[in-house]
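Residue numbers for the sequence shown follow UniProt numbering, so the first one is 1 and each next one is one higher. Each residue gets a CB set at the ideal place from its N, CA and C atoms; glycine is no exception. No experiment lies behind these values; they were computed from the predicted model shown. Just below is one structure, and these are the notes that go with it.
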Amino acid sequence: DSSLKVTGIDFLKSQNTRQHHTDAYNIKNLVVRRGHPFRVQISFNRELRPADKLSLRFGIGENPMKNRGSLLSLKPEREDSNGWKISIVKKDGKECLLSVTSSPNAPVGKYNLHVKTGTNIYKPENGVIYLLFNPWCEDDVVYMANEAEKKEYVLNDTGCIYVGSAYSIYDRPWNFGQFEDFMLEACMYLLDKSKLSLTERRDPANVSRAMSALVNANDDNGVVLGSWSGNYIGGTSPMDWIGSVTILQQYYKTKKPVKYGQCWVFAGVLNTVMRCLGVPSRCVSTFDSAHDTEGNLTVDIYLNEKGEKLNISFDSVWNFHVWNDVWMKRTDLPNGFGGWQAIDSTPQEQSQGRFQCGPCPVKAVREGDVYLPYDSKFVYAEVNADRVYWLVKKVNGKDKYFKIATETQDIGKNISTKAVGQNRREDITREYKYPEGSKEERMSMQRAYSFIRPSGLMPRSGYASTVEALGRNTQPLVPNEPATKTGLHIEIKNTEPLHPGNPLELAITVKVSTPGNWTIDLTGSCQLQYYTGKVQANLGTTKETFNLEGPSEMQIPMKIAPDAYMKTLSSVEDEVLILVTAVVEVRETKDKLTKETSMRFHYPPITVQMPETAKLYNDFTCAFIFKNKLNVTLENCKLLVEGLGIFQMTTFDQGDIMPGRIMKSEIVCTPTRLGERKIIAKLISNQIKGISTEKAIIIT
1 DSSLKVTGID FLKSQNTRQH HTDAYNIKNL VVRRGHPFRV QISFNRELRP
51 ADKLSLRFGI GENPMKNRGS LLSLKPERED SNGWKISIVK KDGKECLLSV
101 TSSPNAPVGK YNLHVKTGTN IYKPENGVIY LLFNPWCEDD VVYMANEAEK
151 KEYVLNDTGC IYVGSAYSIY DRPWNFGQFE DFMLEACMYL LDKSKLSLTE
201 RRDPANVSRA MSALVNANDD NGVVLGSWSG NYIGGTSPMD WIGSVTILQQ
251 YYKTKKPVKY GQCWVFAGVL NTVMRCLGVP SRCVSTFDSA HDTEGNLTVD
301 IYLNEKGEKL NISFDSVWNF HVWNDVWMKR TDLPNGFGGW QAIDSTPQEQ
351 SQGRFQCGPC PVKAVREGDV YLPYDSKFVY AEVNADRVYW LVKKVNGKDK
401 YFKIATETQD IGKNISTKAV GQNRREDITR EYKYPEGSKE ERMSMQRAYS
451 FIRPSGLMPR SGYASTVEAL GRNTQPLVPN EPATKTGLHI EIKNTEPLHP
501 GNPLELAITV KVSTPGNWTI DLTGSCQLQY YTGKVQANLG TTKETFNLEG
551 PSEMQIPMKI APDAYMKTLS SVEDEVLILV TAVVEVRETK DKLTKETSMR
601 FHYPPITVQM PETAKLYNDF TCAFIFKNKL NVTLENCKLL VEGLGIFQMT
651 TFDQGDIMPG RIMKSEIVCT PTRLGERKII AKLISNQIKG ISTEKAIIIT
């Protein structure tokens, strides 16, 4: 009578992964989601008898032990205390088909499977099973009911991130690539590196908070090193990435931070990590986003007498900022705060001693419940702070600060994400905020203010220690729209397309709606600034005084010659925006108003030529065409292209492209994955940092 021994185990990978929506992961091991059954077929040296002892042992971590909950020993038809169970589906001679169901709140991670029969232990090769969060399982806290949303927020490995400015939003295609080689391994490495306990690994709130810390390199040698210096020698300029795959692969290989990232890079990588682990996730862009260092809901902007913005504030308003929303029930909070949670891995402020941010319930931001964890005050300020303008004047050789205006409806505009199943921008501002000026918005604001208690309104740049001309006027609880006696209104726009190498033709329109004869003083300035609000160059100013017979308007043109800005444009490694600031005063009433608008340069497009469909493993040619329609030479052009499941990231050096010249590059593609695949192309040069495009092809 021989003892029962296992002779082999089949993980039935293709049927299991199809049922678990994990068939896209490029890995030889079995990947399954928690709370759903999967099957394994075990072969023995003889038939299984009623008296035989059989157990499956799942171990997680370095040294799995039963009393720590890191080793589960499962016997057929007996539910384990941790909520796992196995059952025999059918016996057939020496074969036995088993069904294994993990607990819907099991710790996520890598499990080692051993099979124990009597005193024998069988250790299969590739016996490591990856267990992920499961948005398809109603008992998992990341459960998402809508099928199309899961397809977008969990399974879509491409997308786009919205950038630019509120005046000109554009999309930057991004490859998330969560199923590519080494992506899952890199995420598991980060989970181990996070030092989360097994209990903490059950909850996506803990996991997403830890990942927001680990995607930046601060404090923990995480994935991406941030830099806003404008000098990216020794690394890749943040503008040059087109996806997360190269970044995470390099990090996993070297275990050293990858240089360099800015907010959309952090958000792109964090999105990949969260989708890879099975948590529904989306990139969220907020335009005119406040970085309020003091948490008093105001951001100070300083202007000199020419109306130019000065780089002296501790606070800043970023033209855009990108973070992520992850979807989950919050078991640690009162009911009603489940759903989307904001997390942010751009290192801005420390939270509990580390550069991490969130998860913060989006609903808490909307309702003003800013006492709820995590970091809801900071996120609230990012979308709700007031912008306060100060004029810095020299009086007897000393800087004096005069408050010009408070803008209450400027911050947190056009909050955007990619629409579900479509290549278009979806505006989700309403999920973060009630409509400006509505009753609900005022209630929410009063609620938030009661927790934040803003200190008196004082300018607080490093230089503003001498405040005289100002009383300590504290902010009213509900700031009103600055009502002017003359119904003053300013509009700023470009009158011609903003092509690099051409004059920038801009116009400031001043309107008054109240009858009467008004004397208007206008100060206008044009500058180049980074998206973080930091001024890079002053291009020109204008001062005009004119009379308006209300109600009427006057348009003041501003023209900036190419020589004023081309040198700066070619010498910086970041994309810069054109900032126009206008300060208007009505002499008779002392009404003052300030307005600023950021605009991006306009570029010629890249065209992608390829068939609409192709067959699996059959080569096809893809061509990238670019005509330089600008009247400046584009120097040191590089074309970056990547197609997930088609070809690896490739760079073409194109040298200089003269005005009117056409560049054409071709690549031979071999599709290795079915369905709709996307190709992303990006052209960068000294003068232009980001012309990108994407094109889809169906692989049959």
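Endpoints, the beta strand (DSSP E) within which residue i is located
i	result
Lys664	662 to 669
Trp340	339 to 343
Leu506	504 to 529
Thr272	Taken as a continuous stretch (DSSP letters only), Thr272 belongs to no beta strand (DSSP E), being part of the alpha helix (DSSP H) at 263 to 277.
Cys283	281 to 291
Ala205	Not the beta strand (DSSP E): Ala205 falls in the alpha helix (DSSP H), residues 204 to 214.
Ala405	398 to 407
Contact belief for residue i with residue j at Cβ below 8 Å, rounded distance in angstroms
i	j	result
Val258	Tyr251	5 Å
Ile88	Leu56	Their Cβ separation, rounded to whole angstroms, is 11 Å, which puts Ile88 and Leu56 out of contact at 8 Å.
Ser70	Ile60	5 Å
Asn29	Val128	5 Å
Phe624	Ile606	6 Å
Ala267	Trp323	6 Å
Pro107	Arg201	4 Å
Sequence-distant residues of its chain with Cβ nearer than 7 Å to residue i (five each side left out)
i	result
Asp410	Asp288, Arg387
Gly645	Pro671, Thr672, Arg673, Arg677
Leu477	Confidence at Leu477 is low in this model, with a pLDDT of 35, below 50, so the placement of that residue should be treated as unreliable; the coordinate-derived value is given next. Hits under 7 Å: Gln446, Tyr449.
Ala464	Here Ala464 scores only 32 on pLDDT, less than 50, and its place in the model should not be relied on; the value that follows carries that caveat. Cβ within range, chain order: Tyr401.
Asp80	Leu72, Leu74
residue 701	Outside the modelled stretch of the chain, which goes from 1 to 700, sits residue 701, for which no answer is possible.
Spatial distance of residue i from residue j (CA atoms)
i	j	result
Thr532	Asp315	10 Å
Ile27	Tyr130	10 Å
Lys664	Asn636	15 Å
Val154	Ile556	50 Å
Asp52	Asn221	50 Å
residue 742	Ala537	For residue 742 there is no data in the structure shown, the boundaries of the chain being 1 and 700.
Glu440	Lys493	32 Å
Leu569	Glu575	8 Å
Lys394	Met558	27 Å
Ser416	Lys90	51 Å
Leu522	Val383	29 Å
Gly35	Val141	11 Å
Thr693	Met188	32 Å
Lys615	Cys622	14 Å
Gly235	Tyr260	6 Å
Gly325	Gln341	A quick correction: the sequence has Asp, not Gly, at residue 325. Going from the Cα of Asp325 to the Cα of Gln341 covers about 5 Å.
Asp399	Leu303	12 Å
Leu310	Asn396	20 Å
Ala405	Lys592	7 Å
Val608	Ile697	11 Å
Same chain, Cβ closer than 6 Å to residue i, five either side skipped, listed in chain order
i	result
Asn45	Lys5, Thr7
Leu579	Gln527, Gln529, Ser598
Phe652	Leu639, Ser665
Lys418	Gly159, Cys160
Phe601	Leu498, Pro500
Thr22	Val31
Asp292	Val299, Asp315, Ala381, Ala385
Val641	Thr650, Ala681
Ser345	Ser212, Val215, Asn216, Phe266, Leu270
Val207	none
Gln662	The sequence given here has Ile at residue 662, not Gln. Cβ neighbours of Ile662 beyond the five flanking positions: Lys627.
Sequence-distant residues of its chain with Cβ nearer than 8 Å to residue i (five each side left out)
i	result
Thr119	Ser3
Ser376	Cys360, Pro361, Ala364, Val365, Asp369, Val370
Met658	Asn628, Thr633
Alpha helix (DSSP H) segment containing residue i, residue limits
i	result
Ser571	562 to 571
Gln249	245 to 254
Asn16	13 to 19
Thr532	Here Thr532 belongs to no alpha helix (DSSP H), and DSSP marks it neither H nor E.
Pro192	Correcting the residue identity first, residue 192 is Asp in this sequence and not Pro. Start and end: 183 to 193.
Val365	362 to 367
Lys689	Lys689 -> no alpha helix (DSSP H), and no H or E assigned at all.
Quiz item: Within the chosen definition, does the region 510 to 520 reach the region 291 to 303 through at least 3 CB pairs nearer than 8 Å?
Solution: no
Quiz item: Does the region 621 to 637 come within contact of the region 187 to 203, defined as at least 3 CB pairs closer than 8 Å?
Solution: no
Quiz prompt | Any 3 or more C-beta pairs closer than 8 Å across the region 211 to 218 and the region 550 to 569 | solution = no
Quiz item: Can we say the region 34 to 41 touches the region 6 to 24, given the rule of at least three CB pairs closer than 8 Å?
Solution: yes
Quiz item: Looking at C-beta atoms only, is the number of pairs between the region 170 to 188 and the region 677 to 696 that lie closer than 8 Å three or more?
Solution: yes
Quiz item: Should the region 368 to 381 be regarded as contacting the region 337 to 357, the criterion being three or more beta carbon pairs within less than 8 Å?
Solution: yes
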